[in-house]
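S.K.: What follows is a single structure, and I will ask about it in a moment.
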């Protein structure tokens, strides 16, 4: 390389080192609020039951047969031949029916109640097939025969008893309100005009729509969708059973359960019509759970965030 070429190269390099690249063009993107799938405004209340009933009364149990020896011709014998009890459950409600991310197993209070019924049939609580069903599909799952039972925070109502049968009450919940800490929302009156979330197909949603004045009701598929919307300031409150709200509050320390009970919600095990023997069998299992301490043990394991055990709800049988 001659002297002239070297000088030109130095000049080019010097010019490159001193240059400043042009900034990239500005890009402006407007923020988008993304709601959970199927979240929607609910304006129409479900039809009320045409007749009143004793919603908590169920068929009295007979003596329980030994596990593995179900009476010939019974619904339980048919389940035993199949080899598994099929139960409709939830997988999104912490402490009640939820999928443990560490194990992949569905666990919770309702799940253990279902497992006790499987234990009574087979002598093995693991002889169970858990089918995840949305709250709005519980009756459909039973009527169509997709499941033998539904154990899924299933409040007993007269309207529902027209389509399916129920066991005695195995848990009594109270509808309350979940709000961000420090929010002054405590009563039904405070919800007036507020955006309140509830799961479609639940009595909680129906109770909100019955309020006067009425809140702005948002329906979703799962209670965790409500929590996401609350965290994103898309709603002002969630209202449902305290057992469900306690699980949501454990997942987010910035929220709290507020106010008194807005209504009592008795949970029962759902059973398809024309299976009275299975209703009586389930009631026998629940009776044993009350007497032998199993119910209290399950409460202490899963629901102690609600406070000390109130003890199992007393059974009420038809005609008694």
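In mature numbering (1 follows the signal peptide of the UniProt record, and there is no 0), the protein residues as written are -22 to -1, 1 to 298. C-beta: ideal position from N, C-alpha, C; glycine also. None of the values given here were measured: they were computed from a predicted structure.
Pull up the distance between the alpha-carbon of residue 79 and that of residue 69, whole angstroms please.
M.R.: Position 101 of the chain shown holds residue 79. Position 91 of the chain shown holds residue 69. Cα to Cα, residue 79 sits roughly 11 Å from residue 69.
S.K.: Out of 274, 248, 296 and 279, state which residue places its alpha-carbon closest to the alpha-carbon of residue 288.
M.R.: Translated into the one-based positions of the chain shown, residue 288 becomes position 310. Measuring from the Cα of residue 288, the nearest candidate turns out to be 274.
S.K.: Near residue 206, which residues of its chain fall below 7 Å by C-beta distance, leaving aside the five closest residues on each side in sequence?
M.R.: By 1-based counting over the chain shown, the position of residue 206 is 228. Taken in chain order, the residues that qualify are 14.
S.K.: So, helix, strand or coil for residue 296, using DSSP?
M.R.: By 1-based counting over the chain shown, the position of residue 296 is 318. Correct three-state label for residue 296: coil.
S.K.: May I ask you to verify whether the region 190 to 203 touches the region 29 to 46, counting CB pairs closer than 8 Å and requiring at least 3?
M.R.: no
S.K.: Cβ atoms of residue 143 and residue 65: under 7 Å apart, would you say?
M.R.: As a first step, residue 65 must be located in the chain shown, where it is residue number 87. As a first step, residue 143 must be located in the chain shown, where it is residue number 165. Result no, Cβ atoms of residue 65 and residue 143 do not sit closer than 7 Å.
S.K.: Let me make sure I understand the geometry here. Which of 181, 178 and 155 has the alpha-carbon closest to that of residue 170?
M.R.: Here the question's residue 170 lines up with position 192 in the chain shown. Taking only the C-alpha atoms, the option nearest residue 170 is 155.
S.K.: Under a Cβ-count criterion, where at least 16 other Cβ atoms within 10 Å of its own Cβ denotes burial, should residue 94 be classed as buried or exposed?
M.R.: By 1-based counting over the chain shown, the position of residue 94 is 116. Buried: at least 16 other Cβ atoms inside 10 Å.
S.K.: With a 10 Å radius around its C-beta and 16 neighbouring C-beta atoms as the bar for buried, classify residue 19 as buried or exposed.
M.R.: In the chain shown, residue 19 corresponds to position 41, counting from 1. Under this definition residue 19 is an exposed residue.
S.K.: Going by CA-CA distance only, name the one from 106, 113 and 133 that's closest to residue 126.
M.R.: Residue 126 sits at position 148 when you count from the first residue of the chain shown. That would be 106, whose Cα lies nearest to the Cα of residue 126.
S.K.: Measuring straight from C-alpha to C-alpha, what distance separates residue 183 and residue 158?
M.R.: As a first step, residue 183 must be located in the chain shown, where it is residue number 205. As a first step, residue 158 must be located in the chain shown, where it is residue number 180. So the two alpha carbons sit approximately 20 Å from each other.
S.K.: Taking only three categories from DSSP, how would you classify residue 186?
M.R.: For the purposes of this step, residue 186 is taken as the residue at position 208 of the chain shown. Residue 186: helix per DSSP, three-state reduction.
S.K.: For the region 262 to 278 and the region 222 to 236, state whether three or more C-beta atom pairs, one from each stretch, are separated by less than 8 Å.
M.R.: no
S.K.: Shortest alpha-carbon distance to residue 293 belongs to which of -1, 21, 32 and 16?
M.R.: In the chain shown, residue 293 corresponds to position 315, counting from 1. Comparing Cα positions, the closest option is 32.
S.K.: Terminal residues of the continuous beta strand (DSSP E) containing residue 175?
M.R.: As a position in the chain shown, residue 175 is number 197, starting the count at 1. Per DSSP, the continuous beta strand (DSSP E) segment holding residue 175 begins and ends at 173 to 177.
S.K.: Between which residues of its own chain and residue 166 is the CB-CB distance below 7 Å, once the five residues before and five after are set aside?
M.R.: By one-based count along the chain shown, residue 166 stands at place 188. Excluding sequence neighbours, residue 166 sits near 189 and 240.
S.K.: Are residue 45 and residue 98 closer than 7 Å when you measure CB to CB?
M.R.: Stepping through the chain shown from its first residue, residue 45 is reached at position 67. Stepping through the chain shown from its first residue, residue 98 is reached at position 120. Closer than 7 Å, so yes.
S.K.: Could you work out which residue in 129, 221 and 160 is closest to residue 84 when comparing CA atoms only?
M.R.: The sequence position of residue 84 within the chain shown is 106, counting from 1. Comparing Cα-Cα distances from residue 84 to each of 129, 221 and 160, the minimum goes to 129.
S.K.: Tell me the DSSP bridge mates of residue 245?
M.R.: To locate residue 245, count along the chain shown from 1; it is residue 267. As DSSP reads the structure, residue 245 sits in a beta bridge with 133 and 149.
S.K.: Could you name the residues that DSSP lists as bridge partners for residue 218?
M.R.: For the purposes of this step, residue 218 is taken as residue 240 along the chain shown, with counting starting at 1. Partner(s): 154.
S.K.: Go to residue 65, then tell me how far its beta strand (DSSP E) extends in each direction, as first and last residue.
M.R.: Sequence index remark: in the chain shown, residue 65 carries index 87 (1-based). 63 to 67 is the span of the beta strand (DSSP E), which, as asked, contains residue 65.
S.K.: Return the CA-CA distance between residue 116 and residue 186, expressed in angstroms with no decimal places.
M.R.: Within the chain shown, the letter at position 138 stands for residue 116. Within the chain shown, the letter at position 208 stands for residue 186. Computed Cα separation, rounded: 20 Å.
S.K.: Could you tell me which of 281, 255, 272 and 52 sits nearest to residue 220, measuring between CA atoms?
M.R.: On the chain shown, residue 220 is found 242 positions in, with the first residue counted as 1. Residue 281 is the option with its Cα nearest to residue 220.
S.K.: Kindly indicate the opening and closing residues of the alpha helix (DSSP H) around residue 270.
M.R.: Start at 1 with the first residue of the chain shown, and residue 270 comes out as number 292. Its alpha helix (DSSP H) spans residues 254 to 270.
S.K.: Nearest by alpha-carbon distance to residue 137: which of 180, 43, 41 and 235 is it?
M.R.: On the chain shown, residue 137 is found 159 positions in, with the first residue counted as 1. Of 180, 43, 41 and 235, the residue nearest in Cα terms is 180.
S.K.: Below 6 Å CB to CB, which residues in the same chain sit around residue 259 once its five sequence neighbours on both sides are set aside?
M.R.: By 1-based counting over the chain shown, the position of residue 259 is 281. These residues qualify, in order along the chain: 54.
S.K.: Could you check what DSSP says for residue 299 in three-state terms: helix, strand or coil?
M.R.: The question about residue 299 has no answer, for the chain in this structure spans -22 to 298.
S.K.: Mind reading off the beta-carbon distance from residue 145 to residue 250? Whole number of angstroms is fine, and I expect it under 8 Å.
M.R.: Here residue 145 corresponds to residue number 167 of the chain shown, with the count starting at 1. Here residue 250 corresponds to residue number 272 of the chain shown, with the count starting at 1. Actually they are not in contact, since the Cβ atoms of residue 145 and residue 250 sit about 12 Å apart, beyond 8 Å.
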